[in-house]
Amino acid sequence: MDGFQEFSGDDVAAQDNASARDTSRDSFFLMAEFREVGLPTGRHVRVRNLSTGGLMAEYAEPIALGTPVELDVRGIGWIKGSIAWVAAGRIGVSFDRKVDPKAARKPTSGAARSQKFSGPVILR
Numbered sequence: 010m011d012g013f014q015e016f017s018g019d020d021v022a023a024q025d026n027a028s029a030r031d032t033s034r035d036s037f038f039l040m041a042e043f044r045e046v047g048l049p050t051g052r053h054v055r056v057r058n059l060s061t062g063g064l065m066a067e068y069a070e071p072i073a074l075g076t077p078v079e080l081d082v083r084g085i086g087w088i089k090g091s092i093a094w095v096a097a098g099r100i101g102v103s104f105d106r107k108v109d110p111k112a113a114r115k116p117t118s119g120a121a122r123s124q125k126f127s128g129p130v131i132l133r
């Protein structure tokens, strides 16, 4: 061997797609409502990571690449996208627009925070 790696056209395309992906991802566990566009009902999925351009979620049902979908993500709301990849009980969704992944981490309640604990209350 002459020390050079051989790449097929598919390998080069895969590298181009990988470099086009957003490298900044937030990894966490978050439930979201998921449905195919046009269907009245959906199901809950576990979102495992989220970036400005898409997400990875646990989803065990068969679904075709390119299927238009929409998700209701806490702190972000409904977002449309399409299935980018499917693998072993997981899916990748590419969003139609950019989102702020940090919004999914923000508290959704407007409730006031509880006061700090300063000691026991003794009632007599």
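Start counting the sequence shown at 10; every next residue gets the next number (my numbering). Cβ coordinates follow ideal geometry from the N, Cα and C atoms, glycine included.
Item, Value
"Looking at L80 and V102, is the spacing between their C-beta atoms short of 8 Å?", "yes"
"What number of angstroms, rounded off, separates the C-alpha of R114 from the C-alpha of G86?", "13 Å"
"Starting from G62 and walking both ways along the beta strand (DSSP E), at which residues does that stretch end?", "That residue, G62, is in no beta strand (DSSP E); it is neither H nor E in DSSP."
"Nearest to R55 by alpha carbon, out of P77, I92, R99?", "R99"
"Are A41 and A66 close, meaning C-beta to C-beta below 8 Å?", "yes"
"Roughly how many angstroms lie between the CA atoms of A112 and L59, to the nearest whole one?", "11 Å"
"Could you say which of G51, A73, S91 lies nearest to L64 if we only look at CA atoms?", "S91"
"Indicate the three-state DSSP secondary structure (helix, strand or coil) for A113 in the structure shown.", "helix"
"Assuming I88 is part of the beta strand (DSSP E), what are its boundary residues?", "86-96"
"Since R83 is in the beta strand (DSSP E), which residue starts that stretch and which ends it?", "Unbroken run through R83: none, as it is neither H nor E."
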